[in-house]
Structure formats: structure tokens, C-alpha cells
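These notes are about the structure you will find just below.
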Amino acid sequence: MTVKVPTYGRLQFQGNRWVLSEIPPHVAIRLKAMFPRVPKHQTGVFDLPTTDSMSADLQWFIQRYPMDVSSADMERLQLGTSQFEADRIRTEEILMPDWQAPSKHGFRPGYDAYHFQKQAAELWLRKKGLLLGDDVGLGKTISALYGLAGSRYLPAAVVVQAHLPTQWVNEYIVPFTYMTAHIVDGTKPYSLPAANLYVFKYSNIHGWSDIAGTGFFKAVVYDEIQELRNGLDTSKGKAADVFSNNAELRLGASATPVFNYGSEIWNIYQFIDKDVLGPWEEFVREWCKSGPGGKWLVADPDALGSYLRESQVFLRRLRQGRTINTIPIEVDFDQKIADDAEKLARVLAQKVMTGSFVEAGVAARELDAFARLQTGLAKAKSVAVLAKMYLKQGIPILLAGWHRRVYEIWQEELKEFNPMLYTGSESAKQKDRVKKAFINGESDCILISLRSGAGLDGLQKRCSTVIIGEADWAPAVVTQLVGRVDRPGQEADEITVIYPYVNYGSDPTMMAVNAVKKDQARGINDPGLEMPAVYSDESRFKMLAKQFLKEEA
23 MTVKVPTYGR LQFQGNRWVL SEIPPHVAIR LKAMFPRVPK HQTGVFDLPT TDSMSADLQW
83 FIQRYPMDVS SADMERLQLG TSQFEADRIR TEEILMPDWQ APSKHGFRPG YDAYHFQKQA
143 AELWLRKKGL LLGDDVGLGK TISALYGLAG SRYLPAAVVV QAHLPTQWVN EYIVPFTYMT
203 AHIVDGTKPY SLPAANLYVF KYSNIHGWSD IAGTGFFKAV VYDEIQELRN GLDTSKGKAA
263 DVFSNNAELR LGASATPVFN YGSEIWNIYQ FIDKDVLGPW EEFVREWCKS GPGGKWLVAD
323 PDALGSYLRE SQVFLRRLRQ GRTINTIPIE VDFDQKIADD AEKLARVLAQ KVMTGSFVEA
383 GVAARELDAF ARLQTGLAKA KSVAVLAKMY LKQGIPILLA GWHRRVYEIW QEELKEFNPM
443 LYTGSESAKQ KDRVKKAFIN GESDCILISL RSGAGLDGLQ KRCSTVIIGE ADWAPAVVTQ
503 LVGRVDRPGQ EADEITVIYP YVNYGSDPTM MAVNAVKKDQ ARGINDPGLE MPAVYSDESR
563 FKMLAKQFLK EEA
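If you want my numbering, it's the 1-based position in the sequence shown plus 22.
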């Protein structure tokens with residue numbers, strides 16, 4: 023007697039999608055539970071993308087709920103499953119401690135990548151698209167260069183922040199490799215000289231989309247890829263989309279890919295591997311929940327982070343860094359500035375509450391910008407006093423801010439210490455001069471923009487103290503800034519980070535919002551890890567304060 027196995031619908035390959043139909047209601051419920059990207063309200067016919075990982079999942083599903091599948095479609099499904107399993111095994115072998123890197127040419131004698139950097143490079147070559155999220159100071163630049171050196175993926179485009187082209191060329195490409203490099207100048211295309219690597223700035227790639235569209239660049243590396251977190255809403259995002267679509271290899275590098283809420287990660291992967299998170303609507307349905315101000319938060323950051331790792335498209339290794347001595351300290355603020363600001367703030371707040379949709383939106387942005395500026399101004403002199411405590415003892419510092427008017431106050435208050443500016447207003451050449459001057463001891467104080475430090479290397483040779491003079495809406499900004507001094511080459515056992523704050527203006531709100539954003543980033547970056555305990559030892563700080571007061575008296 024032959025027992026006929028019941029079937030629960032039909033599975034067909036159509037176009038580039040798997041289509042499921044004639045599914046009984048109780049099986050459809052299980053289908054939607056396993057594949058959250060299927061809309062909950064959808065009935066009748068369901069479609070899913072054709073990827074190797076999806077083939078493996080569908081193969082598992084139809085073992086539990088058998089379906090009518092043609093022999094050709096079953097062969098396609100099994101092939102995708104086999105490729106998924108084989109690729110997973112090969113990739114896991116790369117990440118084993120005893121993995122042996124294949125011999126490569128392209129690095130100069132006496133220079134080589136570390137084993138973990140070779141692993142990252144090989145994984146990138148295997149997957150074709152990779153987000154490399156290694157901790158600050160772990161040499162993501164070297165990993166990228168090792169992947170490209172001596173490969174068939176040249177010439178390649180390297181896209182960096184405005185202050186980093188010369189650092190990439192002079193401190194990494196030239197001394198480490200035999201590859202030639204050209205820093206692309208401006209947005210107006212010209213006849214490019216022969217080179218292996220073409221180094222672009224995020225600010226000029228929009229002028230080179232037509233060249234990228236020809237497939238001239240076989241690979242593209244996005245250094246500090248959080249620059250593309252706003253996706254196609256910016257000109258650099260639109261240009262990067264062309265670069266990525268026409269390159270065989272795509273690498274995004276950043277220790278802080280999520281700057282704000284976790285949904286930014288979808289934009290990031292549009293430039294690395296569009297299939298990983300699917301279309302925006304599917305991503306939101308599968309992973310997100312509604313957040314404040316119409317933002318999308320990732321509902322379970324740890325689950326998303328685990329998924330990206332299991333998909334082998336996100337590689338992140340942590341290092342045992344130095345102790346970060348975090349010292350939050352409430353400082354005084356200028357009451358007159360606060361009183362004057364309150365009057366205008368009331369007017370803007372009233373517009374936010376009662377104005378039209380457009381008026382309210384404009385007023386809300388103005389109120390946010392105004393509150394941040396006034397908060398920075400109100401505490402600027404108190405922050406300068408903290409800076410003096412260190413500078414009078416000959417301790418080099420980075421003093422981080424955001425507003426030009428705040429910098430002007432600091433410059434005046436600290437003029438005896440020759441503070442130097444490293445902000446968005448300085449050219450790349452000016453920034454290079456400031457970096458060299460600071461390292462050579464010509465100044466003990468850099469007034470640095472909160473968002474100008476990502477990727478910067480060399481300051482750790484002189485500095486281990488950072489003062490966050492103004493707050494930022496993105497906690498990852500501070501992580502990047504501290505990473506400028508907490509990296510290989512730092513001789514101090516401990517990094518000191520001072521957070522002067524006031525119980526006034528924007529500081530309290532920003533501190534509360536940043537706590538949520540930190541948890542979003544932690545789950546995606548490091549799923550399963552608890553938020554690290556904050557270490558705070560004020561003993562040395564109090565000794566400096568005591569010495570400062572004694573000298574002032």
C-alpha cells in the first residue's frame with residue numbers, strides 16, 4: 023500500500039522570484055512567521071527573492087510542508103541550497119585560526135598584513151560585497167589594500183572623507199604596496215593618468231558618475247561608509263550607487279556604520295549588496311518598528327546583527343583597547359545667554375506646536391539648531407576652563423565642538439596655548455599642516471570638529487585626552503573621535519574623555535536620545551554583548567583641578 027504524501031500548495035520559479043500559490047491558511051500563517059518580509063495581510067500568492075540563502079530556507083520549509091514543484095524548479099532550488107552550504111563552509115574556513123592565506127604579490131618587502139587582515143581581504147574577495155566593521159585601530163585600510171594588491175580588480179576607486187586622501191596615499195598605499203595611486207581632483211572629469219587606485223572624496227564623486235558607469239573601476243572601497251547613511255537622498259549617494267552597480271567588488275569600511283537609528287544599515291547595504299536586506303518595504307516589515315519623529319528603529323538590533331554575520335556580509339572584530347576613563351562633569355553656564363535664548367526659543371516652540379505642517383517642520387529644525395548653538399555658547403567659557411587645566415600642565419588635548427562661534431570663544435580663552443583648528447572650514451592641506459604641527463609639538467591643543475576626525479591617524483603619538491565640548495546627536499561621532507587617540511601607537515595606558523554638560527538647553531535631551539541610538543548600534547555591531555560598563559576615575563582630574571586652583575590663586 024502506497025501512502026500519498028499530502029501537498030500544501032505549489033512552488034514555482036518565475037522571472038527572478040520564487041512564487042508560492044494555493045497555500046492553505048494554516049500553512050500561510052507558518053510561511054509568514056518564517057519569512058517576515060511577506061506582508062501579514064497578503065493572501066493567495068506569495069513571492070520571495072531568488073538567492074542562495076532563500077533557496078536553503080525554502081528547501082527546509084517544503085520538507086515540513088511538501089509542495090508541488092517541477093523537476094526543473096526543484097533542481098534549481100537544490101542547486102541554490104548546495105551553493106549556499108558550500109559557500110558557507112568555504113567562508114567559515116577562512117575565519118578559522120589555522121587558515122593559511124594564499125601567497126600574494128603586491129606588498130613591499132618588510133611590509134605585510136596581519137593574519138586577521140588577510141582573513142578580511144579573502145572574505146571580501148569571496149563574497150564580492152562586504153561591510154568590514156573592525157574596531158578602530160585594527161587596520162581596515164590595510165585589509166582593503168591587501169585585497170586589491172596584485173588582484174584582477176584593478177583599477178579600483180577608493181572613496182574617503184575630505185581630509186583623508188593624502189593619508190591613504192602617503193601613509194599606506196606608497197609605503198606598503200607597489201600599487202600606484204592618483205588623488206582625483208574636483209568634480210569636473212579630466213583625462214585620468216594611469217594608476218591602480220583612484221582616490222576620491224565623497225564630496226567629488228558625483229562629478230565622476232559617467233566614468234564609473236563605464237565599468238572602468240573594477241572595485242570600489244568606501245572608507246568610513248557611514249558617509250552614505252542617507253542613501254540616495256544625497257548627490258554622493260546617487261553617485262555611489264553608480265560606482266557600486268558597475269564594480270565587481272564592493273567594500274564598506276567603518277567601525278561605526280550605524281550613526282543614528284538602526285534602519286540606516288539598509289542604506290549602507292544598498293552600496294554593498296542590495297539582496298541582503300531586500301527592498302526597503304520588505305526591510306521595514308521584517309526588521310523595524312516606528313520610532314520618534316517618523317524614524318524607523320530596528321525592533322531587535324541583536325537579531326539583525328546576528329543575521330548579517332550569519333549571512334557572512336558583515337565582519338567585525340573587537341580589540342582589547344586601553345581603559346577609557348569617562349568623566350561626565352556638570353559645568354556652569356552663562357545665565358545671560360540662557361535668558362536671551364529663552365525668548366526666541368518660546369517663539370519657535372509655539373510655531374512647532376501650532377504652525378502648519380511646513381512651518382512646524384522648519385521651526386522644529388530651527389529650534390534644534392538654535393538650542394544646540396545656545397547650549398554650546400552658554401557653556402563655552404566653562405569648557406575652556408577645563409581645557410586650561412590640562413594645557414597648563416603641558417598635557418595635549420583634542421577639544422571637540424561644532425559651532426564656529428563656540429570655536430571663536432575657545433580661541434580667545436585659550437590663545438596663550440596656540441590652539442589650531444581642524445574643522446569643516448579648513449582645506450585638506452590646512453588639515454594636514456595642523457596634524458603635522460600637533461604631532462611635532464607646535465601646539466598642545468586642536469579645536470576639532472566632532473565630525474571631522476573619522477579615519478584620522480597619527481594624533482595618538484602625542485595625545486590621550488579628549489574633551490567633548492559640545493554634544494552631537496550621533497553617539498558614534500564620539501566613538502570615532504576617541505578612536506583617533508585610542509589606537510596602535512598610543513603609549514598611554516589610559517584614554518581620558520571629559521564630557522562637560524549643563525542641565526539646560528539641548529544637552530539633557532541629546533543625552534537621552536543618544537542612549538537609544540547607542541543600543542541600536544550595539545545590537546547590530548556586537549549582537550549578544552552587553553553595553554560595556556562605564557569606567558570613571560576622577561582622582562587625576564581632581565588633582566589637576568586642585569593644581570589649577572592653586573596656580574590661579
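A virtual CB, placed ideally from N, CA and C, is assigned to each residue, including glycine.
What residues are listed by DSSP as bridge partners for residue i?
| i | result |
| --- | --- |
| Lys296 | Its beta-bridge partners do not exist; DSSP assigns none. |
| Ile205 | Val221 |
| Leu421 | Leu469 and Ile489 |
| Arg39 | Gln36 and Pro71 |
| Asp90 | Arg32 |
| Leu337 | Leu154 |
In angstroms, rounded to a whole number, what distance separates the CA positions of residue i and residue j?
| i | j | result |
| --- | --- | --- |
| Ser225 | Thr256 | 11 Å |
| Pro279 | Ile349 | 26 Å |
| Ser165 | Ala135 | 7 Å |
| Gln576 | Gln85 | With the chain covering 23 to 575 only, the question about residue 576 has no answer from this structure. |
| Ala543 | Ser92 | 44 Å |
| Lys223 | Thr188 | 11 Å |
| Arg34 | Tyr220 | One point to set straight first is that residue 34 is Gln, not Arg, in the sequence displayed. In a straight line, the C-alpha of Gln34 is about 45 Å away from that of Tyr220. |
| Gly383 | Gly315 | Note on Gly383: pLDDT 48, under 50, position unreliable in the model; the coordinate value appears next. Spanning the two alpha carbons is a distance of roughly 10 Å. |
| Leu154 | Tyr133 | 22 Å |
| Thr72 | Leu99 | 9 Å |
| Phe83 | Val67 | 16 Å |
| Trp432 | Gly423 | 10 Å |
| Lys62 | Lys54 | 7 Å |
| Ser474 | Arg341 | 23 Å |
| Tyr244 | Gln357 | 45 Å |
| Gln512 | Ala393 | 36 Å |
| Asn38 | Ile51 | 24 Å |
| Asp494 | Gly208 | 30 Å |
Specify the secondary structure class of residue i as computed by DSSP and reduced to three states.
| i | result |
| --- | --- |
| Ala151 | In the sequence on display, residue 151 carries Gly and not Ala. Gly151 falls in the strand class under three-state DSSP. |
| Ile45 | coil |
| Arg32 | strand |
| Gly169 | helix |
| Ser404 | helix |
| Leu443 | strand |
| Arg251 | coil |
| Phe57 | coil |
| Ser312 | strand |
| Thr199 | strand |
| Phe129 | strand |
| Lys410 | helix |
| Gln512 | coil |
| Ala123 | coil |
| Pro482 | Position check: residue 482 holds Gln in this sequence, whereas Pro was assumed. Helix at Gln482. |
Start and end of the beta strand (DSSP E) containing residue i?
| i | result |
| --- | --- |
| Ser486 | Counting along the chain, Ser486 falls outside any beta strand (DSSP E), and DSSP gives it neither H nor E. |
| Asp4 | Since the first and last residues shown for the chain are 23 and 575, residue 4 lies out of range. |
| Gly613 | Outside the displayed span of the chain (23 to 575) sits residue 613, for which this structure offers no information. |
| Asp69 | Phe68 to Pro71 |
| Thr518 | Glu516 to Tyr523 |
| Ala179 | Ala178 to Val182 |
| Val242 | Ala241 to Asp245 |
| Val320 | Trp318 to Val320 |
Quick one: using the 10 Å Cβ neighbour count with 16 as the cut-off for buried, is residue i buried or exposed?
| i | result |
| --- | --- |
| Gln248 | buried |
| Ala303 | Looking at the sequence provided, one finds Glu at residue 303 rather than Ala. Exposed: under 16 other Cβ atoms inside 10 Å. |
| Pro28 | exposed |
| Gln502 | buried |
| Asn536 | buried |
| Ser285 | buried |
| Leu186 | buried |
| Ser312 | exposed |
| Asn525 | exposed |
| Val380 | Unreliable positioning characterises Val380 in this predicted model, as indicated by a pLDDT of 41, which lies under 50. The coordinate reading is nonetheless provided below. The residue is exposed, with fewer than 16 neighbouring Cβ atoms inside 10 Å. |
| Asp120 | exposed |
| Ala402 | buried |
| Lys317 | exposed |
For the alpha helix (DSSP H) containing residue i, name the first residue and the last one.
| i | result |
| --- | --- |
| Pro350 | No alpha helix (DSSP H) holds Pro350; the beta strand (DSSP E) holding it covers Thr345 to Glu352. |
| Ala262 | Ser257 to Asn267 |
| Ala450 | Ala450 to Ile461 |
| Tyr329 | Pro323 to Glu332 |
| Trp302 | Trp302 to Trp309 |
| Ala234 | Ser231 to Ala234 |
| Trp432 | Arg426 to Glu435 |
| Gln502 | Pro497 to Val504 |
| Pro187 | Pro187 to Trp190 |
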